[in-house]
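All remarks here apply to the structure that follows.
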Amino acid sequence: MSAIEAEDLRASYGDGADAEVLKGISTSIPRGRLTVIVGPNGSGKSTLLMTLARIMAPSGGVVRVEGRDSAGLRGRELARLLALLPQEATAPEGIRVWELVSRGRHPHRGFWQPLGAEDHRAVEEALELTGCRELAQRRMVELSGGQRQRVWIALALAQRSPVLLLDEPTAHLDLSHALDVLDIGVRLTAAGKTVVTVLHDLNLAARYADRIIVVDGGQVVGAGAPTEVITPELVGEVFGVAALVVPDPETGSPLVVPRAQHGPAAVRAAVEAATDIGGAA
Ligand SMILES: Nc1ncnc2c1ncn2[C@@H]1O[C@H](COP(=O)(O)OP(=O)(O)OP(=O)(O)O)[C@@H](O)[C@H]1O
Ligand SMILES: [Mg+2]
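Taking the UniProt record's numbering, the leading residue of the sequence shown gets 1, the next gets one more, and so forth.
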């Protein structure tokens, strides 16, 4: 059964047909699996996550989360079902890591109600999972970009919702921490949670995803298992990159290798060939 279903989902940032950013998205997110959304910059991935999480009201269509029409859910009810890590988030000035992560517990408590033992456990566990325990008493402003990103992930985890939407959680992370974050995603799905994440690295997407959804121009242009979806044709059509797709020698998942027309040697050759036209006077 699906954790999320979207039917003819539409969203826009202004009036007029040109302003429509999601142009009728119908898709389903399988429960207990890791789904990766890929697509070019500006294709609508963040808008899709924000409308699924109802941070942004859709202009049309239906979203069902765990079988319930999200339009009929109160904010706190939805937040107990679904957590969103936005692509860009701003921390309140001067806030320390522990306090920020504890805000993930808001949907579970009454207003002004102090944190209980369960809340403390959820915060500690989220800090532990993301490798942020040593940062707990630091201020957000004192952290590096990658450390901050891991704290935001901890905030989403602390919410302990069955569905987790992560918008580019590996942005700013070095390779080791990026792999850690994706491994956390796998562990969460093994525990029955549903994880949806936007990634730009097609090779990591192919290695980790149970299902890949490709968004282009505000529409879903491909969906399925990585081997079905990540093909030279798709990489060419959607990303405009000529590439080989070979089996990853470690896992057998599709590995995208851009053709030799890209890269320093190709650029130098092109520059040399063009020196007559663009060379220094
Ligand atoms: N606040 C906004 N006001 C107006 N237009 C917006 C706004 N946010 C996004 N857009 C436009 O909506 C479209 C989709 O943006 P969105 O952020 O969903 O893309 P994305 O796929 O997440 O891109 P990226 O990979 O760069 O994060 C883009 O054309 C963008 O310019
Ligand atoms: Mg985005």
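No residue lacks a Cβ here, since even glycine has one placed at the ideal position from N, Cα and C.
Contact check, residue i vs residue j, beta carbons under 8 Å
| i | j | result |
| --- | --- | --- |
| Leu199 | Ala190 | no |
| Asp167 | Pro86 | yes |
| Arg64 | Val97 | no |
| Thr251 | Arg207 | yes |
| Thr35 | Asp210 | yes |
| Ile37 | Thr194 | no |
| Arg133 | Asp119 | no |
| Leu52 | Ala3 | no |
| Ala126 | Leu78 | no |
| Ala117 | Arg160 | no |
| Ile153 | Val181 | yes |
| Leu48 | Val215 | yes |
Helix, strand or coil at residue i according to DSSP, with G and I counted as helix
| i | result |
| --- | --- |
| Leu202 | helix |
| Lys45 | helix |
| Gly72 | helix |
| Ala19 | helix |
| Gly263 | coil |
| Ala281 | Here Ala281 scores only 47 on pLDDT, less than 50, and its place in the model is too uncertain to base an answer on. |
| Arg187 | helix |
| Asp248 | coil |
| Asp167 | strand |
| Ser176 | helix |
| residue 291 | Because the chain here runs from 1 to 281, residue 291 falls outside it and cannot be looked at. |
| Val90 | Going by the sequence as given, residue 90 is Thr instead of Val. Coil at Thr90, not helix or strand. |
| Ala83 | strand |
| Pro162 | coil |
| Arg133 | helix |
Whole-angstrom C-beta distance between residue j and residue i, which should lie under 8 Å
| i | j | result |
| --- | --- | --- |
| residue 285 | Leu129 | With the chain covering only 1 through 281, there is no way to say anything about residue 285. |
| Gln261 | Ala242 | 6 Å |
| Arg10 | Lys23 | 7 Å |
| Asn203 | Leu244 | Incorrect: roughly 12 Å between the Cβ atoms, too far for contact. |
| Leu100 | Val141 | Actually they do not touch by this definition, with Cβ atoms about 11 Å apart. |
| Leu84 | Leu165 | 5 Å |
| Val163 | Leu82 | 4 Å |
| Val246 | Val257 | 6 Å |
Residue range of the beta strand (DSSP E) that includes residue i
| i | result |
| --- | --- |
| Arg10 | Ser2 to Ser12 |
| Glu211 | Checking the displayed sequence, the identity of residue 211 turns out to be Arg instead of Glu. Taken as a continuous stretch (DSSP letters only), the beta strand (DSSP E) holding Arg211 covers Arg211 to Asp216. |
| Gly61 | Gly60 to Val65 |
| Ala242 | Ala242 -> no beta strand (DSSP E), and no H or E assigned at all. |
| Val36 | Leu34 to Val38 |
| Pro107 | Looking at the DSSP string, Pro107 is not in any beta strand (DSSP E), and its letter there is neither H nor E. |
| Val257 | Pro254 to Pro258 |
Residue i versus residue j - alpha carbon distance
| i | j | result |
| --- | --- | --- |
| Ala19 | Ser43 | 13 Å |
| Gly263 | Ala270 | 11 Å |
| Val221 | Ile213 | 8 Å |
| Arg33 | Ser59 | 28 Å |
| Asp8 | Leu155 | 31 Å |
| Gly72 | Ala225 | 32 Å |
| Pro114 | Gly217 | 45 Å |
| Ala281 | Gly39 | Reliability of the predicted coordinates at Ala281 is poor, the pLDDT of 47 falling under 50, and the value obtained from them is presented with this limitation in mind. Approximately 41 Å, taken between the alpha carbons. |
| His108 | Arg74 | 13 Å |
| residue 294 | Ser26 | Residue 294 lies beyond the range of the chain shown here (1 to 281); nothing can be said about it. |
| Val238 | Arg54 | 27 Å |
| Arg80 | Glu272 | 59 Å |
| Leu179 | Glu88 | 20 Å |
| Trp112 | Gly236 | 53 Å |
| Glu66 | Met1 | 9 Å |
| Leu173 | Ile95 | 22 Å |
| Gln149 | Arg259 | 32 Å |
| Thr90 | Ile230 | 34 Å |
| Asp69 | Leu175 | 38 Å |
| Val62 | Met50 | 14 Å |
| Gly146 | His177 | 8 Å |
| Ser46 | Val21 | 10 Å |
For residue i, the first and last residue of its enclosing alpha helix (DSSP H)
| i | result |
| --- | --- |
| Val220 | Where Val220 is concerned, there is no enclosing alpha helix (DSSP H), although the beta strand (DSSP E) it sits in stretches over Gln219 to Gly224. |
| Asp119 | Ala117 to Leu129 |
| Arg150 | Gly145 to Ala158 |
| Leu100 | Val97 to Ser102 |
| Val238 | Pro232 to Phe239 |
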